[in-house]
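Student: Going by numbering that gives the first Met the number 0, the sequence shown opens with residue 0, and the numbers climb by one from there. Ideal placement from N, C-alpha and C gives every residue a C-beta, glycine not left out. The structure displayed is predicted, hence computed values, not measured ones. Mind looking over this structure? Questions follow.
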Amino acid sequence: MALKPRNLNSQIAGALRKSQIALLDVRVDRVLKLLSDQQLVTLAGDQPDSPGTISVESVDLPMVWQDARVQARVSELGQQGIAVTMENRRRSVAGMEFEVPVLTIRYQI
């Protein structure tokens, strides 16, 4: 039995919304994992050439930076004296210029 066009349209729109929400959740989780306590300690140990600063590239940043969950974690880190910012940095690859979203985490040593 075929669905009426209006009913089919609403089902398609609903499925699309669910898919978009799920994708946003995955991206937020990736960024939150980058900002987890354990990950920050690991990253600080991996970047000894720049004490007090950690830089991490993430293509998910521009899409989730304003999300309440990400901003809550940034605020939580800020209360601990750790500043987290997002910036775009230029990168040259094979003669082409790109802007790459980067998380910059600054802490006191």
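Under three-state DSSP, which class holds VAL58?
Tutor: Stepping through the sequence shown from its first residue, residue 58 is reached at position 59. Of the three classes helix, strand and coil, the one that applies to VAL58 here is coil, per DSSP.
Student: Looking at LEU39 and VAL55, is the spacing between their C-beta atoms short of 7 Å?
Tutor: Here the question's residue 55 lines up with position 56 in the sequence shown. Here the question's residue 39 lines up with position 40 in the sequence shown. Against a cut-off of 7 Å, the Cβ pair of LEU39 and VAL55 comes out as no contact.
Student: Tell me the rounded alpha-carbon separation between ARG16 and SER9.
Tutor: Locating residue 16 in the sequence shown gives position 17, where the first residue counts as 1. Locating residue 9 in the sequence shown gives position 10, where the first residue counts as 1. Put simply, the backbone Cα of ARG16 is about 10 Å away from that of SER9.
Student: From what residue to what residue does the alpha helix (DSSP H) around LEU34 run?
Tutor: Along the sequence shown, read from residue 1 onward, the residue named residue 34 stands at position 35. Neither: LEU34 is in no alpha helix (DSSP H) and is coded neither H nor E.
Student: Could you tell me the alpha carbon to alpha carbon distance between SER91 and GLU98, rounded to whole angstroms?
Tutor: The residue you call residue 91 lines up with position 92 of the sequence shown. The residue you call residue 98 lines up with position 99 of the sequence shown. Roughly 9 Å separates the two Cα atoms.
Student: If I follow the unbroken alpha helix (DSSP H) through ALA82, where does it start and stop?
Tutor: Locating residue 82 in the sequence shown gives position 83, where the first residue counts as 1. Per DSSP, ALA82 belongs to no alpha helix (DSSP H); it is in the beta strand (DSSP E), 82-92.
Student: Count the C-beta pairs between the segment 69-80 and the segment 42-58 that are closer than 8 Å, then say yes if the count reaches three, no if not.
Tutor: no
Student: Only counting the same chain, and skipping five residues up and downstream in sequence, which positions put a Cβ closer than 7 Å to that of PRO61?
Tutor: Reading the sequence shown from its first residue, position 62 is the one you call residue 61. The residues are PRO100.
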